[in-house]
Amino acid sequence: MISRRECFRTVAGLPALRAAQARPRNVVIASANGLRACNRAMELLRSGADTLDAVLAGVNLNEEDPEDNTVGYGGLPNEDGIVELDASVMHGPTRRCGAVAALRNIKTPSKVARLVMEHTDHVMLVGEGALRFAKAFGFQEENLLTEKSRLAWLVWKQSLRDRSGHNNWTDGLDAPPGKPSARLRELFPHVDEATLAWAWQVAMDPPTGTINCLALNERGEMSGVTTTSGLAWKIAGRVGDSPLPGAGLWVDQDVGAAGATGRGEENIRIAGAHTVVENMRRGMDPKEACLEALRRVARNFGNDAERLAKFDLTFYALRKDGVYASASLWNARVREGKRVPARYAVNDGEGGRLELCAWLLERK
Ligand code: ASP
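Be aware that the sequence shown starts at 1268, since it is given in the numbering used here, and climbs by one per residue.
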């Protein structure tokens, strides 16, 4: 006989009635760049695959895609023009995790993070050690800088100015006078206008990216992965939130999973993904759990909207009973002068789609 109080609690912390009604189902959610990843992961879940196999197969598509400039191959590089990748994985059923950070020359850091989880007594390897470890497992070193990312990096270098407006990488004193845009055109005569405009835009306003992907299967098992090239133009060795269990990713097989994309520094300062999962454990639904975490971020800035407007951060949450949500600090981001609503990717067996994120603050 359980007491009335116990009736409203469960071991997992989910309300008892909801947990009793809940029937696990296949659900995959991801950041907005993860629609293909969700669809691929869902195919695998349907065939009975492990949840970690499913999300990894999904995000590997982004890691290998040169057109995704925020993840893996083709990611925007650090300030030295070198692509450095971060990734973490968590496997709910075995409660294990693995991570790599500041990994160079390997396209698929999420696969290396998984090997760290499965084949070492450690959780995270970084830099040179992570690269040596990957090579020991047969990964080939490759140059991850695509021509497009290299162009963006060069444009960024040329956009920097000292107080007198000078930059050693451009505008030599002996150069004929001309506007920076004309100079760029001269420097990159074979680059089309659209690509040059893109390079200028990412140089001026480094995009946030990253893919986070979370999955639940019909057996009620959960896993997650977050993989990224991190902040464009970062200092070499900078590590963001993505590879940090508890910040960029957290999975608790009893409660649910959460992940994040956006400005990693602010997420680390509130241990975001762990906070979201703990919020769900305390009974918040996934949307409220994400919004509460975002309120902590806002609180760290004294709720000063002007400073908060300088970055974005999005949380993704998938509860063990299949309920999911995502919430962004801002309702929309401004891209090339246009307001783009914050969205995330979902496949719950009814087909892949983008859904609108909840949001804490509204851009005027
Ligand atoms: N969270 C990533 C980082 O800070 C970047 C991003 O999601 O855009 O490294």
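Using N, Cα and C, we set each Cβ at its ideal position, and we do this for glycine too.
Since we're looking at a predicted model, the values are computed, not measured.
Inter-residue Cα distance where the pair is A1366 and V1492: 10 Å
DSSP three-state label for P1360, please. coil
Could you check if G1529 belongs to the surroundings of the ligand ASP, using beta carbon to heavy atom distance under 7 Å? yes
Proximity below 8 Å, CB of V1504 to CB of R1292: The sequence shown places Gly at residue 1504, not Val. Against a cut-off of 8 Å, the Cβ pair of R1292 and G1504 comes out as no contact.
According to DSSP, what are the bridge partners of D1519? G1523
Please tell me whether, using a cut-off of 7 Å, the distance from the CB of D1521 to the nearest non-hydrogen atom of the ligand ASP is below it. no
Check whether the region 1371–1380 and the region 1531–1548 are in contact - that is, three or more C-beta pairs closer than 8 Å. no
Does the structure place the region 1462–1482 close enough to the region 1414–1426 that three or more beta carbon pairs sit under 8 Å? yes
The ligand ASP and L1498: does any heavy atom of the ligand fall closer than 7 Å to the residue's C-beta? yes
Under 7 Å: does the beta carbon of S1377 sit that close to some heavy atom of the ligand ASP? no
Could you tell me if the beta carbon of S1509 falls within a distance shorter than 7 Å of some heavy atom in the ligand ASP? yes
Taking the Cβ atom as the reference point for each residue, do A1324 and A1299 lie within a distance shorter than 8 Å? no
State buried or exposed for E1351, treating a residue as buried only when at least 16 other CB atoms are found within 10 Å of its CB. buried
Rounded separation between V1544 and V1518 - CA only: 8 Å
S1595 beta carbon less than 8 Å from that of A1584: no
I need the straight-line Cα distance from A1466 to K1402, nearest angstrom please. 32 Å
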